[in-house]
Amino acid sequence: MIKLLPSILSADFANLEKNLKVIENAGVDMVHIDVMDGVFVPSISLGMPVIQSIRKVSSLCFDVHLMVVDPERYIEDIVAAGANIVGVHVEACKHLHRTIMQIKEAGARACVVLNPATPLEKLEYVLEEVDTVLIMTVNPGFGGQSYIPSMTRKIRKLREMILENDLNVKIQVDGGIKLTNVREVLEAGADYIVAGSSVFGENAEEQVKEFHKIFKEY
Ligand code: DX5
Ligand code: ZN
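Position 164 of the sequence shown, counting from 1, maps to 164 under the UniProt record's numbering, and the rest follow consecutively.
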């Protein structure tokens, strides 16, 4: 089933509870939370205390995207704070397989994230262990960037890899996804659509409904 995951990076941080209620009432059941350390990516966003606070006021599935170096340092704390899915970058992990196991042992679903320039070959020996693969469709670090066109090919190729190996792995896409280009990623095979500025940068309720309308075509 195709799902929309609004990214709270583009939400109003003074009104996170309200913003979460708006998307929940519009029919969303998963939310994307971007954690940035200022080292792996240039920007700094939020961390455990914020996740803990919003966990108390929301029953949405929390998908936490860790844009940090050596993410294995934070897995247990992130899960304890309320993450249901934890995404780690291939480029940030010294021992990717071990980190995937660590996420699952901590009780969360494991997601592996690939930057735009990172080839799918990096997934060859871990694909069967993960719940989700996140294809970054912009270079990570900021909301509001433009979708990188060659990522459509990458999504398609990943869909083929999953089918060939008869796996039940979800494909997630993140960056530059809007109502005007979402069909392209859905046609290529994406399951989970992350959208920040195109949801919270506009009338969030309306935007969620418009995305959901398009999903019904697939
Ligand atoms: C970027 C983040 C994204 C960001 C997407 O590094 O990983 O989740 O919030 O924002 P948009 O949808 O505006 O590109
Ligand atoms: Zn993200």
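The C-beta atom is built at its ideal place from N, Cα and C for all residues, glycine as well.
This structure is a prediction, so every number in the text was calculated from the model and none was measured.
Residue i: which of the options sits nearest, CA to CA?
i	options	result
Tyr74	Ser58, Ala188 and Ile103	Ile103
Cys111	Lys154, Leu66, Gly141 and Leu16	Leu66
Asp37	Pro6, Ile51, Asp29 and Pro71	Pro71
Thr137	Val126, Pro119 and Val79	Pro119
Lys170	Leu158, Pro149 and Leu179	Leu158
Gly144	Ala11, Ile2 and Phe40	Ala11
Pro140	Lys94, Asp34 and Ile78	Asp34
Asp29	Cys61, Ile135 and Pro149	Cys61
Asn181	Glu17, Glu206, Phe211 and Val57	Phe211
Glu206	Leu123, His97, Gly27 and Arg98	Gly27
Leu16	Gly175, Val39, Lys122 and Val57	Val57
Arg153	Glu184, Ile54 and Arg98	Glu184
Ser59	His95, Gly175 and Lys21	Lys21
If we call anything under 8 Å between Cβ atoms a contact, is residue i one with residue j?
i	j	result
Ser43	Phe200	no
Tyr218	Leu186	yes
Val86	Val50	no
Gln172	Val208	no
Val69	Ala106	no
residue 225	Ile23	Since the first and last residues shown for the chain are 1 and 218, residue 225 lies out of range.
Leu179	Ser198	yes
Pro6	Val31	yes
Report the CB separation of residue i from residue j in whole angstroms; it is logged as a contact under 8 Å.
i	j	result
Leu4	Ala195	6 Å
Met151	Ile177	With 8 Å as the limit, Met151 and Ile177 do not qualify as a contact, their Cβ atoms being about 10 Å apart.
Ile155	Ala190	6 Å
Please decide whether residue i counts as near chain C, where near means a Cβ-Cβ distance under 8 Å.
i	result
Asp191	Of the chains in the structure shown, none is chain C; there is only one protein chain.
Looking only at its own chain, which residues have a Cβ that is under 8 Å from the Cβ of residue i, when we skip the five neighbours before and after it?
i	result
Ile100	Val88, Ala110, Val112, Val126, Glu129 and Val130
residue 264	Residue 264 is absent from the structure shown; the chain starts at 1 and stops at 218.
Grab me the residues of residue i's own chain with a C-beta within less than 6 Å of its C-beta, minus the 5 sequence neighbours each way, in chain order.
i	result
Met48	Asp77 and Ala81
Ile54	Leu16
Excluding the 5 residues preceding and the 5 following residue i in the sequence, name in chain order all residues of the same chain whose CB lies nearer than 7 Å to its CB.
i	result
Leu167	Leu127 and Glu128
Ala108	Val79, Ala83, Asn84, Ile85 and Val86
Leu46	Val35
Gln52	Ala81 and Gly82
Check whether the stretch 201 to 217 and the stretch 160 to 168 touch, using three or more Cβ-Cβ pairs below 8 Å as the test. Cβ pair count under 8 Å is below three, so no.
Touching by the beta-carbon criterion (3+ pairs, under 8 Å), the stretch 106 to 126 and the stretch 89 to 98: yes
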